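Undergrad:
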Amino acid sequence: MPAFEVYGLKSCYTCKRVRKELDAAEVPYTFHDLRDDGVTMAQVAGWAKSAGWEAMLNRSSTTWRALPGAQRTGLTETKAVALMAANPALIKRPLIAKGPTEVYVGWTDAVKAKVLSVSSARNPIRAVPASAALSDIRLRRHSKSEH
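So the sequence shown is numbered by my numbering: it starts at 132 and just counts up by one.
1) Quick check: the Cα distance between Glu233 and Ser181, rounded to an integer number of angstroms?
2) Judging by CA-CA distance, which residue of Val158, Asp168, Thr239, Pro159 is the nearest neighbour of Gly139?
3) State whether the region 196-203 contacts the region 224-240, with contact taken as three or more CB pairs (one from each stretch) at a distance under 8 angstroms.
4) For the region 173-241, which segments carrying the beta strand (DSSP E) assignment without a break, of at least 3 residues, lie completely within its bounds, in sequence order?
5) Measuring alpha carbon to alpha carbon, tell me which of Gly177, Ala213, Ala220 ends up nearest Asn189.
6) Given Thr171, which residues of its chain have a CB within under 8 angstroms of its CB, disregarding the five upstream and five downstream residues?
7) Specify, as a first and last residue, the run of the alpha helix (DSSP H) that Glu152 falls within.
8) Val137 by DSSP, collapsed to three states: which one?
9) Closest by CA to His163, which one among Glu157, Ala179, Ile222?
10) What span of residues does the beta strand (DSSP E) with Thr161 cover, start to end?
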């Protein structure tokens with residue numbers, strides 16, 4: 132079962148970079164393309180409750196700039212959620228969800244640290260006693276010289 136649900140655009144450079152980093156760190160995730168797969172009003176409302184609708188709304192996107200001024204002014208949470216559900220490209224990318232209440236927006240250093248920590252928890256670095264490591268090296272040297 133994937134640890135994270137990653138929502139973004141497959142053509143987005145940041146989303147491509149995030150997927151590459153998650154793959155390299157062996158973090159289990161499922162990617163959802165916002166344009167192809169869409170989102171429900173309930174999903175957007177849940178994310179807005181957890182992360183805050185203002186953090187989710189991508190006001191620098193071309194989709195935002197193309198909206199009529201009347202839709203961009205006087206936003207409330209309800210209006211913003213409806214707007215993002217109708218225009219998923221307005222959601223800041225990537226949006227990373229782990230369950231219904233743990234939602235991260237963007238790929239900041241803080242988000243990266245939280246998400247990539249799953250990898251280190253799944254694949255902990257095992258400490259090897261120095262004496263064991265040295266004896267292993269000695270054994271390999273002797274076996275090579277004997278051949």
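Backbone N, C-alpha and C fix where the C-beta goes; we use that ideal spot for every residue, glycine too. Just so we're clear, the structure is a prediction, and the values are computed from it rather than from any experiment.
TA: Concretely, from the data shown:
1) When rounded, the distance between both Cα atoms is 7 angstroms.
2) That would be Asp168, whose Cα lies nearest to the Cα of Gly139.
3) Taking 8 angstroms as the limit for Cβ pairs, the verdict is that the region 224-240 does not touch the region 196-203.
4) DSSP runs (the beta strand (DSSP E)) wholly in the region 173-241: 226-229, 233-236.
5) The option with the nearest alpha carbon to Asn189 is Ala220.
6) Closer than 8 angstroms at the Cβ level, and outside the excluded window around Thr171, lie Ala216.
7) 144-155 is the span of the alpha helix (DSSP H), which, as asked, contains Glu152.
8) Under the three-state reduction of DSSP output, Val137 falls in the strand class.
9) Residue Ile222 is the option with its Cα nearest to His163.
10) In the DSSP assignment, Thr161 falls within the unbroken beta strand (DSSP E) covering 160-164.
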